[in-house]
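Participant: Counted from 1, the sequence shown has number 318 at position 318 by the numbering used here; the numbering is strictly sequential. Glycine included, C-beta positions come from ideal geometry on N, C-alpha and C. For clarity, every value in this text was computed on a predicted model and none was experimentally measured. Attaching a single structure in structure tokens format; questions to follow.
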Amino acid sequence: MRLSNEILEDLLRDIESDRAERKESFKGDAPDTVRQAICAFANDLPGHQTAGVAFIGVRDDGQPSGLPITDDLLLNLANIRSDGNILPLPSMTVEKRTLRGAEIAVITVMPADAPPVRYKGRTFIRTGPRRGIASAQDERILNERRRSRDLPFDLQPVSFATLADLNRAAFESEYLPGAFSADTLDANHRSYEERLSACRMVDSANGATPTVLGCLVLGNRPRDLIPSAYIQFLRLDGGELDAPIIDEAAIDGRLGEVLSRVDEKITANISTRVDLKSQATEKRRWDYPLAALQQLIRNAVMHRAYENTNAPIRFTWFRDRIEIINPGGPFGVVTHENFGRPGITDYRNPNLAEAMKVLGYVQRFGVGIAIARRLLSDNGNPPPEFEPRDTHVLVTIRRSA
């Protein structure tokens, strides 16, 4: 949503507005407070159902501060969305606008479809021109608000699932410490159902029907609830599917268990060679760099389609290459033509992406393919090959020479 100059000028003038944040620069505590403001605009506790705006390069009275609006500044502001500190990912745009006769950086933030949104484990809200941390009642309001929205599939309730299908110990010992700040947990007086709802693992604290996200992340037996929720690992002694099988496994379980077990499978199958001839000191080279394969398989888990399919992710290890087949084609702004291009990303499962960040399997969003490319190049492997189709994405990784 691109706001007109007239609307932006009005927001600059209204110093009491709860829809505007003003910063003279992006130094000092500004990077932190701007992120808090973005989080609060995304939560939209007052229920405006329209954008909030953070202005960089204006004083508190709305007058331009004379800050140079450089490409580096705009890039740093745009990176706020994907640095993994605000979850789920906010819907925001960053642009340079000319207002009151000066260039100003404008961050426009739309209300989230699935609040509450948190910055570093804390839920920020706006009360007039002030920011604050949400109370338990504020979070209840935000939790209830998302029930009436058009939710992504990972937040749809699984009608036949119950609380007994979720692993409470895993939730409290593994997930909560990563989802909330320590002081928030210490002050937490919410019930088990309320905490599940705040993390989107159930549809609401009252009904407490597990969501797709809850089943994937906390399910005792996720495949009983989401049949496609597993990775089919297959290693073959040859270059075709009819070659003799060396190793195979259907890797299922809770999200963290699946990612941990597939890491173990990859580690066990990687081979290392030592080069003693090309240089004075020995150099170790792997047929595939572990971290590159981790990035690509986690990318598949994050972006695959779980709806209207029973197909798993297929990880097939041939003698000369690895193929990863991921159910679900390009999504949102990602197309067949721009697939894999730096800076072009979208999220079919935005809340699952958040859960992977909470559990420590993602450090920053939107860079997995770029990291995999660099690691493969450093190891002497050819670049990964991506073949996006309407129903799936095939990634081929070829063995190092």
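Assign Gly332 to one of two classes, buried (16 or more other C-beta atoms within 10 Å of its C-beta) or exposed (fewer than that).
Facilitator: Burial call: exposed.
Participant: To the nearest angstrom, report how far apart Pro388 and Arg285 are at their CA atoms.
Facilitator: Cα to Cα, the separation comes out at about 30 angstroms.
Participant: Which one of Ala40, Gly101 and Ile38 has the shortest CA to CA distance from Leu67?
Facilitator: Closest option to Leu67, Cα to Cα, is Gly101.
Participant: Let's test the definition: count the other Cβ atoms within 10 Å of the Cβ of Glu21 and tell me whether it reaches 16, buried, or not, exposed.
Facilitator: Classification of Glu21: buried, given that the 10 Å Cβ count is 16 or more.
Participant: Could you work out which residue in Glu95, Gln63, Arg13 and Gly121 is closest to Leu176 when comparing CA atoms only?
Facilitator: Ranking Glu95, Gln63, Arg13 and Gly121 by Cα distance to Leu176 puts Gly121 first.
Participant: Looking at C-beta atoms only, is the number of pairs between the stretch 86–93 and the stretch 57–72 that lie closer than 8 angstroms three or more?
Facilitator: No: the two stretches stay apart, fewer than three of their Cβ pairs being nearer than 8 angstroms.
Participant: Have a look at Gln363 and Met356 and give me their C-alpha separation to the nearest angstrom.
Facilitator: Their Cα atoms are separated by approximately 9 angstroms.
Participant: Quick check on Asn269: does DSSP put it in helix, strand or coil?
Facilitator: Helix, per DSSP.
Participant: Determine, using beta-carbon pairs with one atom in the stretch 339–351 and one in the stretch 260–274, whether at least three such pairs fall under 8 angstroms.
Facilitator: Touching, no, given that fewer than three Cβ pairs across the two stretches are closer than 8 angstroms.
Participant: In or out: Leu75 buried (at least 16 other Cβ within 10 Å) or exposed?
Facilitator: Looking at its Cβ environment, which holds fewer than 16 other Cβ atoms inside 10 Å, Leu75 is exposed.
Participant: For Lys27, is the classification buried or exposed, using 16 other Cβ atoms within 10 angstroms of its Cβ as the cut-off for buried?
Facilitator: Per the 10 Å Cβ criterion, exposed.
Participant: According to DSSP, is Ile371 part of a helix, a strand, or is it coil?
Facilitator: DSSP places Ile371 in helix when its eight states are reduced to three.
Participant: Which residues in the same chain as Gly52 place their Cβ atom closer than 6 angstroms to its Cβ, once the five residues preceding and following it in sequence are excluded?
Facilitator: Contacts found: Arg19, Phe41 and Val109.
Participant: Once the 5 residues before and after Gly328 are set aside, which same chain residues still bring their CB inside 6 angstroms of it?
Facilitator: For Gly328, where only same-chain residues beyond five positions count, the Cβ hits under 6 angstroms are Arg304 and Ala305.
Participant: Buried or exposed, going by whether 16 or more other CB atoms sit within 10 Å of the CB of Arg2?
Facilitator: The residue in question, Arg2, is exposed, as its Cβ has fewer than 16 Cβ neighbours within 10 Å.
Participant: Using the three-state DSSP reduction, which class does Lys27 fall into: helix, strand or coil?
Facilitator: Lys27 falls in the coil class under three-state DSSP.
Participant: Taking the continuous beta strand (DSSP E) assigned at Ala250, which residues delimit it?
Facilitator: First-last of the beta strand (DSSP E) with Ala250: Ile245 to Ile251.
Participant: Are the beta-carbon atoms of Pro88 and Ala54 separated by less than 8 angstroms?
Facilitator: The answer is no: Cβ separation not under 8 angstroms.
Participant: Based on Cα-Cα distance, which residue from Leu359, Phe386, Ile7 and Asn188 lies nearest to Ile322?
Facilitator: Per the Cα distances, Phe386.
Participant: Quick check on the burial criterion: 16 or more other C-beta atoms within 10 angstroms. Buried or exposed for Gly128?
Facilitator: It is exposed - the Cβ of Gly128 has fewer than 16 other Cβ atoms within 10 Å.
Participant: Assign Leu241 to one of two classes, buried (16 or more other C-beta atoms within 10 Å of its C-beta) or exposed (fewer than that).
Facilitator: With fewer than 16 other Cβ atoms within 10 Å, it is exposed.
Participant: Roughly how many angstroms lie between the CA atoms of Ser4 and His392, to the nearest whole one?
Facilitator: Approximately 40 angstroms, taken between the alpha carbons.
Participant: Is Gly442 helix, strand or coil by DSSP?
Facilitator: A question about residue 442 goes unanswered here, because the residues of the chain that appear run from 1 up to 401.
Participant: My output table needs one value for Tyr192: the three-state DSSP class, helix, strand or coil.
Facilitator: Three-state result, Tyr192: helix.
Participant: Report the rounded CA-to-CA distance for Asp14 versus Phe160, giving the unit in angstroms.
Facilitator: About 50 angstroms.
Participant: Taking DSSP as the reference, what is the three-state secondary structure of Asn326?
Facilitator: Note: Asn326 maps to strand in three-state DSSP.
Participant: Does Gln232 come out as helix, strand or coil in the three-state DSSP assignment?
Facilitator: Residue state, collapsed to three classes: strand.
Participant: So, is Pro384 buried or exposed, given that buried needs 16 or more other C-beta atoms within 10 angstroms?
Facilitator: Classification of Pro384: buried, given that the 10 Å Cβ count is 16 or more.
Participant: Is the beta carbon of Leu394 closer than 8 angstroms to that of Phe318?
Facilitator: Their beta carbons are not under 8 angstroms apart, which means Phe318 does not touch Leu394 by this criterion.
Participant: In the DSSP output, which residue or residues are listed as bridge partners for Ile125?
Facilitator: BP columns for Ile125 point to Gly132.
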